[in-house]
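These protein sequences, in sequence, are chains V and C.
Using this note's numbering, the letters of the first sequence correspond one by one to residues 905 to 1119.
Using this note's numbering, the letters of the second sequence correspond one by one to residues 905 to 1119.
Protein chains: 2
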Amino acid sequence: MAGTDISKQAMMRMPYYLRYLRDAEASGASSVSSTAIGEALRLNSVQVRKDLAAVCSSKGKPGSGFNVRELISGIEELLGYNSRVDAVLVGAGSLGTALLSYKGFSEYGMNIVAAFDSSASVCGRVIGGREVLDASSLEDFCRNNSVHIGIITVPADVAQDVCSELIRGGVKAIWNFAPVKLKVPDGILIQNENLAASLAVLSRHLKNMSNAANG
Amino acid sequence: MAGTDISKQAMMRMPYYLRYLRDAEASGASSVSSTAIGEALRLNSVQVRKDLAAVCSSKGKPGSGFNVRELISGIEELLGYNSRVDAVLVGAGSLGTALLSYKGFSEYGMNIVAAFDSSASVCGRVIGGREVLDASSLEDFCRNNSVHIGIITVPADVAQDVCSELIRGGVKAIWNFAPVKLKVPDGILIQNENLAASLAVLSRHLKNMSNAANG
């Protein structure tokens, strides 16, 4: 099956290819070369060719290039943008509220069907069009609604408990925004998103530059 | 100077160490071993020792371990949590609004001082306590206010223009949420945050699992 053996790194490049290809199609191009894509995205053209061959049955013929429409369809299918995946979000604090209010996820095929929080003062509130439910019903909700993605935006010290509960409820993939490493059984995917770590890298760069200027 | 030669990967582990150490201090521990930290965070203890030695002058003596308070201070200083860095955010759409509404950044020492948008219908609106300013004043604003971090949440096709403008205004580090590779001069740091790519990895995992179950 196309795409089955695609690496995580290649998967993470796919949204960049898709963006480029949609732009190319909008400006009237029907075929593109891996060299042109590589130059635009600053990637090695051999890598581009290998990545795209995995989603496009016609491969990229030297001289003629890849068919733009076929590539777009292949990548959209690979990324699941045409299907819909249901997710729950746990932790309706500041970050959770921001993610619930973000309207961009549906574009990527992800639908946050419910939010959960353990605080009585938050439960019952409506954020981004979804009522916040009591965290005690999390496991049952996931099982009864066949939810397979859990988004964790709770404080670090309770993230592992939430994670275990999601998995007991049948969740197969966790998007973790809590700054803690989670332990999961084999077969469960954890995708960590660490905004604090990114900020650390940014502010470190500024400090190094200012040290260099002053020293 | 302590920490000057710390790798980006080590920097990204620091928030995890800090979280662990704050928890340890809260529960009364005054010293910790690199082995204990490594087990809790599922990292190699040799790597932990090396990372922490860079922020702690007393090193970790075999048997006695690292001093918790000293490590916390060292990491907080390294990460800039005690100082304040000003940032601007460009693109007050759905994601920009979510980030402006998020109250957690100040905890990490980052202060978003202003937001910008090119759309007349958004300019003048107040989001997360900040008025959205006209994007035409972006470069001058950064220069006049010595802003060194720019957060890009505009659509991909205008992200490069915004990036160049930020750099002309004196910005040294870019936090890029647009799904596009940006070109910058030497010395400017780009930290990419690609939520679409993370979602791609998550939904791919689900598809592979369902293929395995059906096949």
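Glycine residues also receive a C-beta, built at the ideal position from the N, C-alpha and C atoms.
Determine the closest residue to residue i out of the options, with distance taken between C-alpha atoms.
i               : options                            : result
A1060 (chain C) : C:A957, C:V994, C:Y921             : C:V994
N1048 (chain C) : C:K1007, C:A991, C:R1034, C:G1028  : C:A991
V989 (chain V)  : V:L975, V:L1003, V:R1108, V:S1010  : V:S1010
S1040 (chain V) : V:G1073, V:A1116, V:G1000          : V:G1073
N1098 (chain V) : V:I1092, V:D1090, V:H1109, V:L1086 : V:L1086
G1091 (chain V) : C:M1113, C:L1103, C:A1077, C:S1102 : C:M1113
P858 (chain V)  : C:A1104, C:A1117, C:N986           : Since the first residue shown for chain V is 905 and the last is 1119, residue 858 (chain V) is missing from the structure and cannot be characterised.
M916 (chain V)  : V:A928, V:D955, V:D927, V:A944     : V:D955
T1057 (chain V) : V:D1021, V:D1044, V:N1118, V:A933  : V:D1021
W1079 (chain C) : V:V952, V:A1024, V:N1115, V:H1109  : V:H1109
T939 (chain V)  : V:Y924, V:S931, V:G932, V:A930     : V:Y924
F1081 (chain C) : C:I1071, C:I1016, C:N1096          : C:N1096
Q951 (chain C)  : C:G1054, C:V1062, C:S911, C:R973   : C:S911
S931 (chain V)  : V:D909, V:R953, V:R973, V:A957     : V:R973
H1052 (chain V) : C:K1111, C:H1052, C:G1054          : C:K1111
For residue i, which residues in chain V fall below 7 Å Cβ to Cβ?
i               : result
S998 (chain C)  : Y1006, K1007, G1008
R946 (chain C)  : K1085
L1003 (chain C) : A1002
Q951 (chain C)  : Ordered by position in chain V, no residue passes the 7 Å Cβ test against Q951 (chain C), which lies about 13 Å from the chain.
P919 (chain C)  : P1083, N1098, A1100, A1101, A1104
According to DSSP, simplified to helix, strand and coil, what is residue i?
i               : result
L1086 (chain V) : coil
L947 (chain V)  : coil
G969 (chain C)  : strand
A906 (chain C)  : Here the model assigns A906 (chain C) a pLDDT of 46, short of 50, so the residue's position is not dependable, and the following value carries that caveat. Three-state result, A906 (chain C): coil.
E974 (chain C)  : helix
I1053 (chain V) : strand
A1039 (chain V) : helix
V952 (chain V)  : helix
I979 (chain V)  : helix
F1081 (chain V) : coil
V1030 (chain V) : strand
N1115 (chain C) : helix
A1024 (chain C) : coil
A1018 (chain V) : strand
N1048 (chain V) : helix
T1005 (chain C) : Sequence inspection shows Ser at residue 1005 (chain C); the Thr mentioned does not correspond to that position. In this structure, S1005 (chain C) counts as helix in the three-state DSSP scheme.
V1105 (chain V) : helix
S1010 (chain V) : helix
S934 (chain V)  : coil
Just the chain C side, please: which residues come within less than 8 Å of residue i by C-beta, in chain order?
i               : result
G1013 (chain V) : L1103, S1107
R923 (chain V)  : A1060, P1083, V1084
E1035 (chain V) : Chain C residues near E1035 (chain V): none, gap ~19 Å exceeds 8 Å.
A940 (chain V)  : Ordered by position in chain C, no residue passes the 8 Å Cβ test against A940 (chain V), which lies about 14 Å from the chain.
K954 (chain V)  : Within 8 Å Cβ-Cβ: nothing; K954 (chain V) doesn't reach chain C, min ~17 Å.
Leaving out five residues before and five after residue i in sequence, what residues of the same chain have Cβ atoms less than 6 Å from its Cβ?
i               : result
S937 (chain V)  : G969
A1019 (chain V) : L993, A996, L1004, R1034, V1036
L1042 (chain V) : F1020, E1069
A914 (chain C)  : D955
A928 (chain C)  : V936, V972
G1054 (chain C) : V992, L1070, V1075, I1078
Which residues in chain V have a C-beta closer than 9 Å to the C-beta of residue i? List them in chain order.
i              : result
D927 (chain C) : A1060, D1061
Apart from the five residues on each side of it in sequence, which residues of its chain come closer than 7 Å, Cβ to Cβ, to residue i?
i               : result
L1106 (chain C) : none
M948 (chain C)  : Just to set this straight, residue 948 (chain C) is Asn in the shown sequence, not Met. The answer, listed in chain order, is G942.
T1001 (chain V) : I1031
L945 (chain V)  : Y920, Y924
G984 (chain C)  : G1013
G1028 (chain C) : E1035, V1036
L1141 (chain V) : The requested residue 1141 (chain V) does not occur in the structure, where chain V is confined to residues 905 to 1119.
Please list the partners that residue i has in chain C, where partner means a Cβ-to-Cβ separation under 9 Å.
i               : result
E1097 (chain V) : E1097, L1099, S1102
Leaving out five residues on either side along the sequence, give the residues of the same chain with a beta carbon under 8 Å from the beta carbon of residue i.
i               : result
P1083 (chain V) : A1060, N1098, A1100, A1101
N971 (chain C)  : S934, S935, C960, S962
V1088 (chain C) : C1067, I1071, I1078, I1094
N1015 (chain C) : R988, V989, D990, A991, F1009
R926 (chain V)  : I976
A1063 (chain C) : I1056, N1080, A1082, V1084, L1086
S1050 (chain C) : D990, G1074
N986 (chain C)  : E980, G1013
Which chain V residues are close to residue i, counting only those with a beta carbon under 8 Å from its beta carbon?
i              : result
L975 (chain C) : Correct list: empty, because the minimum Cβ distance to chain V is about 15 Å.
For chain D, is any of its Cβ atoms less than 8 Å away from the one on residue i?
i              : result
R973 (chain C) : Chain labels in this structure do not include chain D; the protein chains are V and C.
Determine which residues of the region 980-993 of chain C have a Cβ less than 9 Å from any Cβ of chain V, and write them out in chain order.
L982, L983, G984, Y985, S987, V989, A991
Which of the residues in the region 1039-1054 of chain V, read from start to end, lie with their CB under 8 Å from any CB of chain C?
H1052, I1053
Return the residues of the region 1061-1081 of chain C that lie within a Cβ-Cβ distance of less than 7 Å from chain V, sorted by chain order.
D1061, K1076, A1077, W1079
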